[in-house]
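Asker:
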């Protein structure tokens, strides 16, 4: 008898624990770039003891690919799950750059509420506006975290008011405007209700999440889940990720897949996983409202609905922002092709772009009249350059043409994309920046002093932004911080002056000789170091004048047996200018390509010989 009672008690306790743990909160962390999203997630993970004390995991745990760590930005959103006071919290870390807006939009569909992070010094920035708009439109509950209150000259109360004004402006409803706030510093691991009262942990933040973020209320009805993200494993193939809206999902269950266009495909679930800590845990069944990963489905895309086998009902699919910029991707046909890379043919490049399309929603690829060339459309230079950089690291060789903005015809008028641009820079150089933006058809919409820095706001065509960052940094001695996001299409603004200086083009193939470089330094600035291999038609420097000049830097000094005093002065060579990938893309002109290989970035003319260039002059 006693044993029976004991057994019953054990089962009851198990059921109770299961019930208590079943409260799940899904939150997405949104903010402008560099306001501290990933750092905050780190601190939450440490607080909820995801790691053993002796585990040294370092910082920015979620930025796990090399590119993210090098640039210090989040590119793809990540899920992590922690348990706090018997509540499972699924946290989604989102990218801050507008170029990855497609990512943010998708993952917000999985959340019940958002943590809006705002820098106590900078206040709401363009990107804050962009992501907040998305969250308000989806009807999510916002909680505000005012971060970095330890910065000098910061104004937390003012920032709080600004956030309220911004929400009101974006059309938030009353229950959204009634948002809770915590202040603190994620870096120094504390949060508090009052910014002057420093605490010793981030518990106030987690308490706010538990109190204010709504728990998911399941609706009655059969199975529905929107696929909002994808993962890929070479072992199991494509994995669908999303939040179960209603009904149930079990291992081995037969389901219907409702496609974007309304067609229905039957399929079967092989395996189910939920998120636990940084990893995944295999489960037999998923509770409603939890985020899960499904293995075994075929032929699905983001925005499809997993529905009941008998009576499938589709959910509203995800609308994705249209691309605003295009680049030409082509095979590498320079004299040095195939020296560094493993994948060099057009088939390789085509397959890789098709693979990218599966998970990168804001990307489009169009074929051209040539089998070797592909037009790739994306959200901006950064969005496309991350793709190029990833391909380069995987061992691809390719060439990229000049970025072009997409021009649309609206009601018979040619329109181009306009962006809102914010520049944060020291007051003494602000005049210079305003002048540079004005030349590029930018209009100033506001200017605000913050301590000894100025915050200038502009509306500028996307064409004008290409190459602006470089010039700004040069003019402000590296002090300017620039952020921009797409606003809308407006009628064309007229011509924008391009790069003023022409290129120095190599005449011959060979090694760059220090003697020649030294003798030609008055002609302009060089991009190649002495001893570097170069080929005919490669852009090796910038001319000090406006037109292109062909020069030969492979010539050595003619030796004679007559000595003359003072003739052999030491060659003093200015170090070569080295471009990053974005800088190179923004620098090139219409008749130039950037050659990208795993080890080198080279600039070149499309037509390598001078005769061909004259014959096929690109206007």
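In this note's numbering, the protein residues as written are 727 to 1345.
Heads up, the beta-carbon is just placed ideally off N, CA and C, and yes, glycines get one too.
1. Do residue 844 and residue 872 have their beta-carbon atoms positioned less than 8 Å apart in this structure?
2. Quick one: is residue 779 buried, meaning 16 or more other Cβ sit within 10 Å of its Cβ, or exposed?
3. Is it buried or exposed, residue 1143, if we count other Cβ atoms within 10 angstroms and call 16 or more buried?
4. Does the contact criterion of 3 or more C-beta pairs under 8 Å hold for the region 996-1005 versus the region 980-987?
5. In chain order, what residues of the same chain have a beta carbon less than 8 Å from the beta carbon of residue 992, not counting five sequence neighbours either side?
6. Using a threshold of 8 Å, state whether the C-beta atoms of residue 965 and residue 1033 are closer than that.
7. My output table needs one value for residue 1105: the three-state DSSP class, helix, strand or coil.
8. With the cut-off set at 8 Å, would you say residue 1102 and residue 1108 are in Cβ contact?
9. So for residue 1248, helix, strand or coil by DSSP?
10. According to DSSP, is residue 1074 part of a helix, a strand, or is it coil?
11. Taking the C-alpha atoms as reference points, what is the distance between residue 1024 and residue 958?
12. Taking the alpha helix (DSSP H) that residue 1271 belongs to, which residues open and close that run?
13. If you draw a straight line from the C-alpha of residue 952 to the C-alpha of residue 1321, how long is it?
14. Taking just the CA atoms, how far does residue 1209 sit from residue 1145?
15. Our contact map puts residue 969 next to residue 950 with C-beta atoms below 8 Å; I'd like the distance itself, whole angstroms only.
16. Could you spell out the range, first to last residue, of the beta strand (DSSP E) harbouring residue 1215?
17. Run the CB neighbour count on residue 894, radius 10 Å, all protein chains shown included, and call it buried at 16 or more, exposed below.
18. What does DSSP give as the partner residue(s) for residue 1085 in the beta ladder?
19. Which same chain residues end up closer than 7 Å to residue 1282 when comparing Cβ atoms and leaving out the 5 residues on each side of it in sequence?
20. Which class does residue 901 belong to by DSSP, given the choice of helix, strand or coil?
21. Quick one: residues in its chain with C-beta nearer than 8 Å to the C-beta of residue 743, no 5 flanking neighbours on either side, listed in chain order?
22. Determine the extent of the alpha helix (DSSP H) in which residue 1159 is found, giving its start and end residues.
23. Would you kindly work out how many angstroms separate the C-alpha atoms of residue 1194 and residue 1148, rounded to a whole number?
24. Quick check on this structure: which residue in 812, 1311, 917 has the alpha carbon closest to the alpha carbon of residue 1112?
25. With DSSP as the reference, identify every bridge partner of residue 1330, one or two as the case may be.
26. Exposed or buried, what is residue 861 when buried is set at 16 or more other beta-carbons lying within 10 Å of its beta-carbon?
27. For chain D, find out if any of its Cβ atoms is closer than 8 Å to the Cβ of residue 1192; answer yes or no.
28. Among all the DSSP beta bridges, which residues are the ones paired with residue 957?
29. Rounded to a whole number of angstroms, what is the C-alpha to C-alpha distance between residue 1081 and residue 1168?
30. Please state whether the Cβ-Cβ distance between residue 1114 and residue 1051 is less than 8 Å.
31. From the DSSP output, in three-state form, read off residue 1058 for me.
32. Are residue 832 and residue 1044 closer than 8 Å when you measure CB to CB?
33. Output the boundary residues of the alpha helix (DSSP H) element that contains residue 1338.
34. Give every residue of the same chain whose Cβ lies closer than 8 Å to the Cβ of residue 1269, excluding the five residues on either side of it in the sequence, and list them in chain order.
35. Candidates 1244, 1117, 901, 910: which alpha carbon is nearest residue 769's?
36. With respect to the alpha helix (DSSP H) encompassing residue 1191, which residues constitute its N-terminal and C-terminal limits?
Answerer: Inspection of the coordinates gives the following:
1. yes
2. Residue placement at residue 779 is poorly supported in this model, since its pLDDT is 47, which falls under 50; the coordinates still yield a value, given next. Answer is exposed; the Cβ neighbour count stays below 16.
3. buried
4. no
5. 980, 981, 982, 983, 1035
6. no
7. coil
8. no
9. helix
10. helix
11. 12 Å
12. Residue 1271 -> no alpha helix (DSSP H), and no H or E assigned at all.
13. 40 Å
14. 10 Å
15. No, residue 969 and residue 950 are not in contact; Cβ-Cβ is about 10 Å, not under 8 Å.
16. 1207-1217
17. exposed
18. Its beta-bridge partners do not exist; DSSP assigns none.
19. 1239, 1241
20. helix
21. Since pLDDT at residue 743 reaches only 42, below the 50 mark, its modelled position is unreliable, and the value read off the structure follows with that caveat. Closer than 8 Å at the Cβ level, and outside the excluded window around residue 743, lies no residue.
22. 1156-1165
23. 12 Å
24. 1311
25. 1264, 1319
26. buried
27. This model lacks chain D altogether, as it is built from one protein chain only.
28. 965
29. 37 Å
30. no
31. coil
32. yes
33. 1336-1341
34. 1227, 1228, 1229, 1230, 1249, 1250, 1275
35. 910
36. 1188-1191
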